[in-house]
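Okay, so here's the structure we're looking at.
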Amino acid sequence: MTMDWVMLVTIVVLVSAALSGARFPRMWLGLTLAGTATWLTAALWTLGSGTEWDWRSEFALGGERLHLRLDAISAWFLSLVAVVGGAGAVYSREYWSDRERPDSAGRGRVWWTTLLLCMGLVLICSNGLHFLVAWEAFALSAFFLITLERERRETRAAGWLYLAASHAGTLGLFALFSLLAARTGSWDLGPMRDHPELAPLFWVALFGFGVKAGMFPLHIWLPSAHANAPSHVSAIMSGVAIKMGVYGLIRFSGWLPLPAGAGWAVLALGAASAVLGAAFTLAQNDLKRLLAYCSVENIGVILIGLGVGLLGTANGDAVWGRVAMAGALLHIWNHGLFKSLLFFGAGSVLHATNTREMSRMGGLWRAMPWTAGLFAFGSAAVSALPPFNGFVSEWLVYLGLFDAAADRAPGAVVIVLATIALGVTGALALAAFVKASAVVFLGAPRTQAAAHAHESGWWMRGPMLGLAAACAVIALVPVVIWPFNQAPLGAWNSAWSGGKPPAPLATLGAVQVALAILIVLAAVGLWLRARANGTRRALTWDCGYAAPTARMQYTGGSFAAMPVTWFAWVLRPQRRLRWPRGPFPSRADYLERIPETVLERVIGPGSNAVMAASAWVRQRQQGHLPDYILYLVAGLVAMGLLVFFGSMQ
Amino acid sequence: MSSILEILARLAVWLLLAPLLPGIINKVKAWVAGRRGPPVLQLYYDLARLWQKGVVLSTLVSPGFIAGPAVAWVAVLAAATLLPLGPLGASLSFRGDVILLIYLLGLARFCTAWAAMETGSAFEGMGAAREVSYAVLAEAAVITAVLTLSMQSGSLLLSSMLVPSAGTGAVLLAFGLFTVLLAENCRVPFDDPNTHLELTMIHEAMVLDHSGPPLAAVLHGASMKLLLFSVLLVQAVVPVGKLSGLTAAGALVAGVLVVTVAVGFVESLLARYAFRRVPLLLTTAFLLCVFALLVAWKGGVA
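As you go down the protein sequences, you meet chains Z and U in turn.
Start counting the first sequence at 48; every next residue gets the next number (this note's numbering).
Start counting the second sequence at 13; every next residue gets the next number (this note's numbering).
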């Protein structure tokens, strides 16, 4: 009963926040924060107490009665929506302020809250029809947020690509829900394990939600949309919005009867997304595109966990499935937190230098030490290094994979391959984030803009610090998070509810704390020792070269050159090199571009072929009456022949 | 109380014995080349001297330049404490500790590469880029080796993974891991630890700008990493855990010595590989580990 009121009030608060957004920024911020805080409390309460909120309306909306449900799975995602939604609202106050963006700031606030509201509704709607409406509204509000800066051509192109891809996915969902409604006789959603004939619908769900989740090769919209959106929008898109696709996958893999190959397919897709996503990440030279591809990689990690979880379910609810699934769920939170942190950091850099090209940055740590430190924190977390939070969730996924392999579960080949893929992914991600943080923040500034950068204010730093603190909590005391993590696991597969953690999480937490303390002690100790011995500043030695310049530094392109050639079969780098010629070379240049292979090599040519075919058909359409009579006669004859030969058989 | 003392004793062993290994390697190399060579304890003298020296910092570097070597050193030391020593077991052992060990080495790599990129020097950028790139292939081999061990022991605990002998796949695993050892520790044929210019290619190129105590941390960390890999290799191949007391200690020490001398011989008899062939060699190491994995897999069924 209390929950009814809490949810109603939150929705009213958020709606009024959206309405006030255009004119009253302070009121908007207050209301949005109040709404997200209530949501967070409600979600954590649901996760902690294990009670499920279920509410049906007396009235009908669009011919169906409203059915809202907040169970542990929804709550797990809702808490992420609330945290990143609140942090982004604070961040946007300075980042996308009325002063700097007079024409789009108000619009941005309205759509921001609308997006939060729609994502919340997607998570709690338990009626297929209303789910679809909420899903569509969510996709649209995200479109308007991506195209906030619509005067730029690339932004509009990215927005359209997102909209097209998103609707392709929605088409799959339309098919899914209408088929479900037709087969079960009701739009109401719930467990459907007793309808084995519905199993093939899992593949439809995998496509529909896979597009939104950005899993390889359905990720085509993701890099440009995340790169061109304002950074707080990139953060929520990357940290939370693509998780709605994962939510759909987890939700429906828990409800639908599973076809035989479901686990294998998700595992293989996850492994492909992880490795290829990491390879693309490493190859990027645009800071935000790099972070966007990294989301593909992390979705891959989550899908690996989900795949092992599905396999575990299919193999008599094996414990290894449970561990991997717990890791996947935890990684959803982790990735949401550190990816938002990284995008906020990238936003600060963009704000300070007005460019996303990493080769135009360098040495930013001096001007923006807070951002540099927080970005380094996020980089280490996303590379899954101990003692950060990314390691905890990847460690759980690894545990599941190793145990499944040692168990010699049927078809362990795929599990072994996925394990190796996860290891390679980790090393590639590490390389990518050494590259990103080093090229942007370390060394000497490569351009004037980078030399005159400035630190962002507290409105932007505050949310980053908050997200980093949340990461630190998960990293250092994972035991506290564990009960919350178990609730959605039990809701997904009731055989896995309750009981002691099947992994020594307490020990890992203690080790992480010890490691964190030792690291700080060692760094301080070494610094004190160096200071006691005396330090002297001098030019970088550079093997004796007397006049090094900023342009002689290793760039992102040169840093990643070797792995890019290993992955050239999929990255397809486009290079143009003009050598210096003659004794007095006038000009020489080198250009490297990493295309979005799936989009430019597969989807692009494919749609061009469709366009060519359509153009050809259009030529047959000239408005000449005799032509149409001919088409009509030809059609009739063809039909007649069909009927004639059909009746012969 | 006794457990704390035990941990301290182990730490002391790791910290004190590690710098011996590069000395032995150099002695072997000198012996093969017919020279007298530097004393076996040379690294100890170097470390003691560096610890007393002042530090020259590049004008470009942030505080991360000094924090990097410190964190890397802690990471390697922490990884070493996870490693069991024969029948003694590890000072800290829990399910999944092996993954922590691999990722601690990743942390060390991240910090070393970070510190290298601080200086803005092209040489150090080159070294860092190569280090993190080769690590991608080495990581695949290491994960496969760990999978092999966990499949044949049915455990994810380092101390019980390393107990049974690797069986038929031992030879494959030994060669695979030995190659990874050479790559991860930047020895010939992947890297040449003797030169100090860009010819060095990887590790030494990354630490060109370090001096004084931070350089001491880098050198000591590198020697600990070498010892760690040697101990891991020996225990993965020889069932040291099944032996008792002195025999085990003897076997472990002898094994580490064999590995060290082998590194010295490889370094004396081989030239550094051409740059393009390095990935090929690492892929070979990976394939060796894959075959070891296949052997372990089938061995378990039969």
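Using N, Cα and C, we set each Cβ at its ideal position, and we do this for glycine too.
Checklist entry - Straight-line CA distance for T360/Z to M173/U? => result Stepping through the first sequence from its first residue, residue 360/Z is reached at position 313. Stepping through the second sequence from its first residue, residue 173/U is reached at position 161. Looking at the backbone, the Cα of T360/Z and that of M173/U are separated by about 27 Å.
Checklist entry - Beta-carbon of A431/Z versus every beta-carbon of chain U: anything under 8 Å? => result Here residue 431/Z is taken as the residue at index 384 of the first sequence, counted from 1. A431/Z belongs to the set of residues whose beta carbon lies under 8 Å from a beta carbon in chain U.
Next on the checklist: Please return the same chain residues whose Cβ sits closer than 7 Å to the Cβ of A228/U, not counting the five positions on each side in sequence.
Outcome noted: Residue numbering aside, residue 228/U sits at position 216 when the second sequence is read from its first letter. Sequence-distant partners of A228/U (beyond 5 residues in either direction) whose C-beta falls short of 7 Å from its own C-beta, in its chain, are L59, L62, W63.
Next on the checklist: Does any residue of chain Z have a CB that is nearer than 8 Å to the CB of A314/U?
Outcome noted: In the second sequence, counting from the first residue as 1, residue 314/U sits at position 302. With a pLDDT of 39 at A314/U, under the threshold of 50, the predicted position of this residue should be treated as unreliable, though the coordinate-derived value follows. Interface flag for A314/U against chain Z is unset, since no Cβ pair is found closer than 8 Å.
Checklist entry - First and last residue of the beta strand (DSSP E) that includes W102/Z? => result The sequence position of residue 102/Z within the first sequence is 55, counting from 1. Counting along the chain, W102/Z sits inside the beta strand (DSSP E) bounded by residues 100-108.
Next on the checklist: By the three-class DSSP mapping on this structure, what secondary structure does I676/Z have?
Outcome noted: Position 629 of the first sequence, counting from 1, holds the residue named residue 676/Z. Note: I676/Z maps to helix in three-state DSSP.
Checklist entry - So, do the region 115-131 of chain Z and the region 533-541 of chain Z have three or more beta carbon pairs nearer to each other than 8 Å? => result Result yes; three or more Cβ-Cβ pairs closer than 8 Å.
Checklist entry - Given a threshold of 16 other Cβ atoms within 10 Å of its Cβ, counted over all protein chains shown, does A307/Z qualify as buried or as exposed? => result Here residue 307/Z refers to the residue found at position 260 when the first sequence is read from its first residue. Looking at its Cβ environment, which holds fewer than 16 other Cβ atoms inside 10 Å, A307/Z is exposed.
Item to check | chain U residues whose Cβ lies nearer than 7 Å to that of T466/Z | outcome: Residue numbering aside, residue 466/Z sits at position 419 when the first sequence is read from its first letter. Within chain U, the C-beta atoms nearer than 7 Å to that of T466/Z come from I155, L159, in chain order.
Checklist entry - Straight-line CA distance for L677/Z to S661/Z? => result In the first sequence, the residue the question calls residue 677/Z occupies position 630. In the first sequence, the residue the question calls residue 661/Z occupies position 614. If you take the alpha carbons of L677/Z and S661/Z, they lie about 20 Å apart.
Checklist entry - Per DSSP, G590/Z is paired with what? => result The sequence position of residue 590/Z within the first sequence is 543, counting from 1. Just to set this straight, residue 590/Z is Cys in the shown sequence, not Gly. C590/Z pairs with nothing; no bridge assigned.
Item to check | Collapsed DSSP secondary structure at V313/U in the structure displayed | outcome: Start at 1 with the first residue of the second sequence, and residue 313/U comes out as number 301. Summary for V313/U: the model assigns pLDDT 45, below 50, so the residue's position carries little reliability; its value from the coordinates is reported in the next sentence. Helix, per DSSP.
Checklist entry - Taking 8 Å as the CB-CB cut-off, is N580/Z touching chain U? => result For the purposes of this step, residue 580/Z is taken as the residue at position 533 of the first sequence. Yes, N580/Z lies at the interface with chain U (some Cβ there is under 8 Å from its Cβ).
Checklist entry - Looking only at its own chain, which residues have a Cβ that is under 6 Å from the Cβ of W234/Z, when we skip the five neighbours before and after it? => result Your numbering for residue 234/Z matches position 187 in the first sequence. Closer than 6 Å at the Cβ level, and outside the excluded window around W234/Z, lie E111, N174, G175, L176, A228.
Checklist entry - Can you pull the DSSP bridge partners for E639/Z? => result The count along the first sequence starts at 1 and reaches residue 639/Z at position 592. Beta-bridge pairing links E639/Z to R622/Z.
Item to check | Contacts of R107/U in chain Z (Cβ-Cβ under 8 Å) | outcome: Sequence index remark: in the second sequence, residue 107/U carries index 95 (1-based). Listed by position along chain Z, the residues whose Cβ is nearer than 8 Å to that of R107/U are L446, A550, P551.
Item to check | Bridge-paired residues (DSSP) for N381/Z | outcome: Along the first sequence, read from residue 1 onward, the residue named residue 381/Z stands at position 334. Secondary-structure assignment with DSSP links N381/Z through no beta bridge to anything.
Next on the checklist: What would DSSP say about M695/Z, mapped onto helix, strand or coil?
Outcome noted: Reading the first sequence from its first residue, position 648 is the one you call residue 695/Z. Three-state result, M695/Z: helix.
Item to check | Cross-chain neighbours of R584/Z in chain U, by beta carbon under 7 Å | outcome: Counted from its first residue, the first sequence places residue 584/Z at position 537. Chain U residues near R584/Z: L69, T71.
Next on the checklist: Could you compute how far the alpha carbon of V53/Z sits from the alpha carbon of T85/Z?
Outcome noted: Locating residue 53/Z in the first sequence gives position 6, where the first residue counts as 1. Locating residue 85/Z in the first sequence gives position 38, where the first residue counts as 1. Each residue's Cα considered, the two are about 8 Å apart.
Checklist entry - Taking DSSP as the reference, what is the three-state secondary structure of I19/U? => result The count along the second sequence starts at 1 and reaches residue 19/U at position 7. Helix at I19/U.
Next on the checklist: Any contact between the region 72-87 of chain Z and the region 157-169 of chain Z? By contact I mean 3 or more CB pairs, one from each, below 8 Å.
Outcome noted: As far as the Cβ criterion goes, the region 72-87 of chain Z touches the region 157-169 of chain Z, which means the pair count is three or higher.
Next on the checklist: By alpha-carbon positions, which one of A129/Z, L562/Z, L55/Z ends up nearest to L87/Z?
Outcome noted: The residue labelled residue 87/Z in the question sits at position 40 within the first sequence. Its Cα nearest to that of L87/Z, the residue A129/Z stands out among A129/Z, L562/Z, L55/Z.
Checklist entry - Which first and last residues belong to the beta strand (DSSP E) in which V68/U is found? => result Numbered from 1 along the second sequence, position 56 holds the residue referred to as residue 68/U. Looking at the DSSP string, the run of the beta strand (DSSP E) that includes V68/U is 67-70.
Checklist entry - If you compare alpha carbons, which of L269/U, A134/U, S103/U, G267/U is closest to M213/U? => result Here the question's residue 213/U lines up with position 201 in the second sequence. Comparing Cα-Cα distances from M213/U to each of L269/U, A134/U, S103/U, G267/U, the minimum goes to A134/U.
Checklist entry - What are the residues of the region 103-133 of chain U that lie near chain Z, defined by any Cβ-Cβ distance shorter than 8 Å? => result Answer in chain order: L104, F106, R107, G108, I111, L112, I114, Y115, L116, G118, L119, R121, F122, A125, W126, M129, E130, T131, G132, S133.
Checklist entry - When DSSP labels each residue in this structure, what does L115/Z get in the three-state scheme? => result In the first sequence, counting from the first residue as 1, residue 115/Z sits at position 68. In the structure shown, L115/Z sits in a strand (DSSP, three-state: E or B).
Next on the checklist: Applying the 10 Å Cβ sphere with the 16-neighbour rule, what's the burial state of K310/U?
Outcome noted: Walking along the second sequence from the start, residue 310/U turns up at place 298. Answer is exposed; the Cβ neighbour count stays below 16.
Checklist entry - In this structure, does DSSP put C198/U in helix, strand or coil? => result Against the second sequence, residue 198/U aligns to sequence position 186. Three-state DSSP puts C198/U in coil, outside helix and strand.
Next on the checklist: Counting only C-beta atoms, is P595/Z closer than 8 Å to chain U at any point?
Outcome noted: In the first sequence, counting from the first residue as 1, residue 595/Z sits at position 548. By the rule that beta-carbons nearer than 8 Å mark a contact, P595/Z touches chain U.
Checklist entry - CB V293/Z to CB I351/Z, shorter than 8 Å? => result In the first sequence, the residue the question calls residue 293/Z occupies position 246. In the first sequence, the residue the question calls residue 351/Z occupies position 304. Not in contact: V293/Z and I351/Z (Cβ atoms no closer than 8 Å).
Next on the checklist: Please give me, in chain order, every unbroken run of the alpha helix (DSSP H) with length at least 4 that falls completely inside the region 80-155 of chain U.
Outcome noted: Every alpha helix (DSSP H) stretch that sits fully inside the region 80-155 of chain U and reaches 4 residues is listed by chain position as 109-130.
Checklist entry - Listed in chain order, which residues of the region 470-492 of chain Z have Cβ atoms closer than 7 Å to some Cβ of chain U? => result If the cut-off is 7 Å between Cβ atoms, the region 470-492 of chain Z has G470, V471, G473, A474, L475, L477, A478, V481, A485, L489, G490, A491 near chain U.
Checklist entry - Apart from the five residues on each side of it in sequence, which residues of its chain come closer than 6 Å, Cβ to Cβ, to G410/Z? => result Locating residue 410/Z in the first sequence gives position 363, counting from the first residue. Once the five neighbours on either side are set aside, the close Cβ partners of G410/Z are G490, A491, P492.
Checklist entry - If you check the beta carbons only, do L170/U and L432/Z fall under 8 Å apart? => result Looking up residue 170/U in the second sequence gives position 158. Looking up residue 432/Z in the first sequence gives position 385. No, the Cβ-Cβ distance between L170/U and L432/Z is not below 8 Å.
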